[in-house]
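One point on numbering: in the working numbering, the residue at position 22 of the sequence shown is 26, and numbering is uninterrupted. The beta carbon of each residue, even a glycine, is placed where N, CA and C say it ideally should be. One structure below.
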Amino acid sequence: MAEAYIPVLILFGVSVLNAVGMVVASHILNPRRPTPQKDMPYESGMIPLGDTRARFSVKFYMVAISFIVFDLETVFLIPWAVEARSLGWGAFVAVA
Numbered sequence: 005m006a007e008a009y010i011p012v013l014i015l016f017g018v019s020v021l022n023a024v025g026m027v028v029a030s031h032i033l034n035p036r037r038p039t040p041q042k043d044m045p046y047e048s049g050m051i052p053l054g055d056t057r058a059r060f061s062v063k064f065y066m067v068a069i070s071f072i073v074f075d076l077e078t079v080f081l082i083p084w085a086v087e088a089r090s091l092g093w094g095a096f097v098a099v100a
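Below, the structure is given as structure tokens:
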């Protein structure tokens with residue numbers, strides 16, 4: 005039974021080694037050389053205007069939270085809709 009998992013473990017190990025190898029290679033081949041111009045915030049090629057710590061209106065957060073709520077609702081609603089006929093009226097009443 006355990007022999008069936010050996011290819012999966014090998015693939016996982018190769019994937020981890022590949023990811024670590026790419027990170028190490030990027031640090032070796034391209035060391036970071038910070039300059040004040042590179043550390044400046046980028047605003048579509050224009051000179052930055054104002055403070056980068058701007059306050060956002062609460063309505064933007066409400067839109068984000070609404071999206072998350074309806075996204076989670078969809079995760080639960082789609083499987084229910086697929087099996088609605090076989091579940092019967094009890095499931096319909098429970099969801100309503």
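Would you check if the distance between the CB atom of residue i and the CB atom of residue j is smaller than 8 Å?
i, j, result
"Val99", "Trp84", "yes"
Starting from residue i, trace the alpha helix (DSSP H) in both directions and tell me its first and last residue.
i, result
"Phe80", "Val62 to Val86"
"Asn22", "Ile10 to Leu33"
"Gly94", "Trp93 to Val99"
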